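Protein chains: 2
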Amino acid sequence: MQLGIPHDEVQAFACPVTFTVDVIGGKWKSLILFHLMSGTRRFNELRRLMPEVTQRMLTLQLREMEVDQIIHRKVYLEVPPKVEYSLAPLGQTLVPLITTMREWGAAHEATVIEYRKAAQVERQAEAQTSLERN
Amino acid sequence: MQLGIPHDEVQAFACPVTFTVDVIGGKWKSLILFHLMSGTRRFNELRRLMPEVTQRMLTLQLREMEVDQIIHRKVYLEVPPKVEYSLAPLGQTLVPLITTMREWGAAHEATVIEYRKAAQVERQAEAQTSLERN
DNA sequence: CGGGATCCTGCCAGATACTG
DNA sequence: CAGTATCTGGCAGGATCCCG
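From first to last, the protein sequence lines are chains A and B.
The first sequence begins at 1 in the UniProt record's numbering and counts up one residue at a time.
The second sequence begins at 1 in the UniProt record's numbering and counts up one residue at a time.
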């Protein structure tokens, strides 16, 4: 596999870390995976679990993960339509990763939020003094 | 902390997983962290390790991680200038996560690439038949 | 050497409306 | 119910030039 010059649309990746980011780094993917870890979910069920995600974005991210066979999409041919999403075998292998991410976030969220606020205050003070100089 | 309606620019997050993505989900952040895991790096050293990243993007992502105190930035007041980046204590806590990501990528990259190629071929075939119908 | 400042562009995400 | 289709604006990210 040649690096840097993919011969078609399917990319080559210079580093495994980059590749993993490409697979689960989508804005909502890991959150979707998290919700699928506790069981099969229907489309609107996922919408209710993630109200901030628009329908369109949810669909797109689900499609990408379906292509990567991270998740499985089962369509029931009935009226009204019914579609169930679940973790595919490859998706199961991501469970430890998602779990680690969740634990890290829970443990450090408050701290980082404080860091960000501090940096924000600093920037404002800086803007103030540069105003006073003029 | 109110959800959904942050009272200033510093966001609140509905879920720890989402938050973690926000911290390390930047396009290059986890790759930068990976390179800092093996030791302190200078700016141009990082550029050489990641030629695909533009200077601007490298700077921006480093700044964000500095604000979050994931990494530490040490400036030497000398000519020519010298800046060293290293993992801050909070960044150290991310090492297991990055390692897991790297291992997952290494183990499954080839498989997923194949899945993507297959899906691509499928889409092309589909486009072909829909052409033939007209 | 290690950036900052600017300008520019594409594509991504949101909103809305429609459908099998 | 579980999606597509279309338009649209914003901003992520590239290219380029400048600077201490």
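Cβ coordinates follow ideal geometry from the N, Cα and C atoms, glycine included.
Bear in mind the structure is a predicted one, so any value in this text is a computation, not a measurement.
Self-check item: From B:Val23, B:Phe13, B:Cys15, B:Thr18, residue whose alpha carbon lies closest to that of B:Leu94
Solution: Closest option to B:Leu94, Cα to Cα, is B:Val23.
Quiz item: Taking Cβ to Cβ, would you say A:Val121 is nearer than 8 Å to B:Asp68?
Solution: No, Cβ-Cβ distance for A:Val121 and B:Asp68 is not below 8 Å.
Exercise. Return the first residue and the last residue of the alpha helix (DSSP H) that A:Val17 is part of.
Key: 16 to 24 is the extent of the alpha helix (DSSP H) around A:Val17.
Quiz prompt | Beta-carbon proximity of A:Leu36 to A:Tyr85, cut-off 8 Å | solution = It is a contact, given that the beta carbons lie within the stated cut-off.
Quiz item: Cβ of B:Tyr76 less than 8 Å from any chain A Cβ?
Solution: No, B:Tyr76 does not count as interfacial toward chain A.
Exercise. Check whether the Cβ atoms of A:Thr20 and B:Met57 lie closer than 8 Å to each other.
Key: Contact flag unset, no.
Exercise. Please report how far the alpha carbon of A:Leu49 lies from the alpha carbon of B:Leu31, in whole angstroms.
Key: Taking the straight line joining both Cα atoms gives about 31 Å.
Quiz item: Nearest CA to the CA of A:Phe13: which residue from B:Lys117, B:Glu109, B:Leu87, B:Ile71?
Solution: Checked all of B:Lys117, B:Glu109, B:Leu87, B:Ile71; the closest Cα to A:Phe13 is B:Glu109.
Self-check item: Span of the alpha helix (DSSP H) around A:Val53
Solution: No alpha helix (DSSP H) holds A:Val53; DSSP gives it neither H nor E.
Quiz item: Name the DSSP bridge partner or partners of A:Tyr76?
Solution: A:Tyr76 pairs with A:Lys82.
Self-check item: Where B:Leu94 sits in the DSSP three-state scheme
Solution: B:Leu94: coil per DSSP, three-state reduction.
Self-check item: Boundaries of the alpha helix (DSSP H) in which A:Ser30 is found, first to last residue
Solution: If you look at A:Ser30, you'll find it in the alpha helix (DSSP H) that goes 29 to 37.
Self-check item: Contact set between B:Val67 and chain A, taken where Cβ atoms lie within less than 8 Å
Solution: Going along chain A in sequence order, the residues near B:Val67 (Cβ under 8 Å) are Tyr115, Arg116, Ala119.
Practice problem: Answer yes or no: does any C-beta atom of chain A fall closer than 8 Å to that of B:Glu84? | Solution: Closer than 8 Å: no.
Quiz item: Does the beta-carbon distance from B:Val17 to A:Ile98 come in below 8 Å?
Solution: Going by C-beta atoms, B:Val17 is nearer than 8 Å to A:Ile98.
Quiz item: chain B partners of A:Met101, CB-CB under 8 Å?
Solution: Within chain B, the residues near A:Met101 are Pro16, Val17, Thr20, Val21, Leu97.
Quiz item: Is the CB of B:Gly25 under 8 Å away from at least one CB in chain A?
Solution: Taking Cβ atoms only, chain A reaches closer than 8 Å to B:Gly25, which makes this a yes.
Quiz item: In chain B, which residues lie less than 7 Å from A:Val112 when you measure between Cβ atoms?
Solution: Under the 7 Å cutoff, chain B gives Val23, Asp68.
Quiz item: Using the C-alpha atoms, what's the distance from B:Glu52 back to A:Glu64?
Solution: In a straight line, the C-alpha of A:Glu64 is about 24 Å away from that of B:Glu52.
Practice problem: May I have the straight-line CA-CA distance separating A:Gly39 from A:Arg73, to the nearest angstrom? | Solution: For A:Gly39 and A:Arg73, the distance between alpha carbons rounds to 13 Å.
Quiz item: With a Cβ-Cβ cutoff of 8 Å, do B:Gln61 and B:Trp28 count as a contact?
Solution: Between B:Gln61 and B:Trp28, the gap from beta carbon to beta carbon is short of 8 Å.
Exercise. Take the Cβ of B:Arg123 as the centre, count every other Cβ of all protein chains shown within 10 Å, and call the residue buried at 16 or more, exposed below.
Key: So B:Arg123 ends up on the exposed side.
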